[in-house]
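In our numbering, the protein residues as written are 11 to 491. A virtual CB, placed ideally from N, CA and C, is assigned to each residue, including glycine.
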Amino acid sequence: MVGADPVGPLKRGLAVLEAVGRAGPLRPADLVGATGLARSTVDRVLSTLTETGCLRWRGRDVVATPRTMDVGNLYLSGLDPDGLLAALIARLADDLDESVVLAVPDRDGVRIVGQARPRGSLAIAFRVGDLLRCSFETSGWTLDEEFIEPGLVAVARPVRAAAGPLDLVVVSHTSRHTAVSLRERAGPSVLACVADMERAASRPSQPVESPAARADGDAKVRLGAEFLQSLDRGLAVLHAIGTRSEGLTISEAAAATGQPRATARRALLSLTALGYAREGRGRFGLLPRVLDLGYGQVSGLTFEELARPHLRDLVLRVHDSASVVVLDGTDIRYVARAQASRLMRVDITVGTRFPAYATGMGRVLLAGLSPDEASDLIARSDRRTFTDRTMTGAEELEQAVAVARDEGHAVVDQELELGLRSIAVPIHAAGRVVAALNIAAPAARETVERMTERLLPELLATARALETDVAAFTRHQPLPL
């Protein structure tokens, strides 16, 4: 069905995304060398990809954003829509006390699409999205004495699934097993797991919802020739076909993206020719190569690295220092920080801890717990008095936490340190509060009411943007707190 050459801007845009996904932060000149494209072409591609939110500038470098994980997440969700396969390999890893990998064939190797590790210090860690230059038999057991690197042994068994063939792989090291002894040890458990996986993978899947990486409607007007509309449209089609594991027809892809049928058809044929999509019986679906479009790079970020660009942007807008903290026992712990460039500023570093009860961030995090859990944590706190404003009574603190729960934010006025105010809002992931975002400012500059009026909308906007990134990051892995 594929006869035409790939759409040029789409082909070039995907080449740039892959180059950034492989190598990490790159300057435009580096991308010229990596892709073979002209500098003017690279500049136009970067203009489009930063407008859609797939890439962002970090100084003079471009880096992939968590939004580049969206298509990869759709592909992975198509393989395991209900998370049943992930639960089964986690159980197998615990039972065997070995690392377990789920992989799919991809070109001349296999692509890691899931992993589970035991708790031991010698657990073998892969990264979802990694392409390994090895292959497994599709008809029965495969034993490998040199899996990826010397010292590793593996046994693999194929899994039949509606979304395509999978390989269940148990990996160990030569200090524990040979490939033969690993097969003897793991064989019965692996066969039972494969049977469970094949039953789980035969269940009908539901459509997957995920926000598409699209520029706003004024981008073409605003950027003119620097915005490649065919690249933007092609990425929308790539995203659309991942929303169903069985793929979409040309007409369905056109309807899903609001594009003319001919436009969607050209994009689909280009994506198929380039190896990002497959066509079968008139339906187009994703191929594992989409994991090359930044997924591997972004999935290795720390939470600090996820939060840092949002904090920088917030500080540039409000000119006050901003932080992200998590709850750690009865304390808060700073995990990300951006400093304002004022002479009078709050000087705190990542890793700093404060009692949760005496801070706005702590009260927001306590508000994310159940009332009983929050009361218990307050009761266990060593409630010292830092200033004459510090609230230390259990009942009044529980009331302050309840107010934060109702209002969705907390303000603390000089309770931790005289002259310092802060306002904080929660960061959510998977329906629960996982962190808090705050701005700290000198109390002498403005009233509490004026500070809240000025800063709360900015905090909430930043929190929603960070939550979007966290949602993409955590779709198939835990948040690295």
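Look up residue i in the DSSP assignment and say whether it is helix, strand or coil.
i	result
residue 449	strand
residue 183	strand
residue 286	coil
residue 99	helix
residue 271	helix
residue 293	strand
residue 140	coil
residue 365	strand
residue 34	coil
residue 454	coil
residue 17	coil
residue 240	helix
residue 23	helix
residue 342	strand
residue 53	helix
residue 487	coil
residue 432	strand
residue 360	coil
residue 68	strand
residue 48	coil
residue 104	helix
residue 258	strand
residue 234	helix
residue 351	coil
residue 302	helix
residue 134	coil
residue 252	coil
residue 93	coil
residue 82	helix
residue 58	helix
residue 28	helix
residue 426	coil
residue 129	coil
residue 276	helix
residue 394	coil
Provide the residue span of the beta strand (DSSP E) that contains residue i, from first to last.
i	result
residue 109	109 to 116
residue 125	119 to 126
residue 74	71 to 74
residue 189	Where residue 189 is concerned, there is no enclosing beta strand (DSSP E), although the alpha helix (DSSP H) it sits in stretches over 189 to 211.
residue 423	420 to 423
Could you name the residues that DSSP lists as bridge partners for residue i?
i	result
residue 442	439
residue 154	164
residue 87	Looking at the DSSP assignment, residue 87 forms no beta bridge with any residue, so it has no partner.
residue 334	346, 447
residue 40	Paired residue(s): none; residue 40 is not in a bridge.
residue 177	113, 168
Can you tell me where the alpha helix (DSSP H) holding residue i begins and where it ends?
i	result
residue 475	458 to 484
residue 388	381 to 390
residue 318	313 to 328
residue 377	370 to 377
residue 411	404 to 417
residue 149	It is not in any alpha helix (DSSP H) - residue 149 carries neither H nor E in the DSSP assignment.
residue 309	305 to 309
Does the Cβ-Cβ distance between residue i and residue j come in under 8 angstroms?
i	j	result
residue 358	residue 344	yes
residue 260	residue 274	yes
residue 340	residue 365	yes
residue 31	residue 305	yes
residue 450	residue 330	yes
residue 99	residue 113	no
residue 238	residue 46	no
residue 254	residue 116	no
residue 462	residue 427	no
residue 120	residue 167	no
residue 321	residue 347	yes
residue 211	residue 164	no
residue 95	residue 124	yes
residue 137	residue 309	yes
residue 263	residue 278	yes
residue 240	residue 20	yes
residue 439	residue 83	no
Cβ of residue i versus every heavy atom of the ligand NAD: is any distance shorter than 7 angstroms?
i	result
residue 74	The model depicted lacks the ligand NAD and carries no ligand whatsoever.
For the stretch 180 to 193 against the stretch 101 to 115, do three or more pairs of beta-carbon atoms, one drawn from each stretch, fall closer than 8 angstroms, so that the two count as touching? yes
Any 3 or more C-beta pairs closer than 8 angstroms across the stretch 430 to 450 and the stretch 361 to 376: yes
Does the stretch 406 to 425 come close enough to the stretch 275 to 295 that 3 or more CB-CB pairs lie under 8 angstroms? no
Do the stretch 76 to 85 and the stretch 296 to 305 make contact, defined as three or more Cβ pairs closer than 8 angstroms? yes
Check whether the stretch 86 to 97 and the stretch 45 to 54 are in contact - that is, three or more C-beta pairs closer than 8 angstroms. no
Is the stretch 374 to 385 touching the stretch 396 to 411 in the sense that three or more CB pairs, one from each, lie closer than 8 angstroms? yes
Is there contact here, the stretch 145 to 156 with the stretch 60 to 72, by at least three beta-carbon pairs under 8 angstroms? no
Is the stretch 462 to 472 touching the stretch 431 to 439, taking contact as three or more C-beta pairs under 8 angstroms? yes
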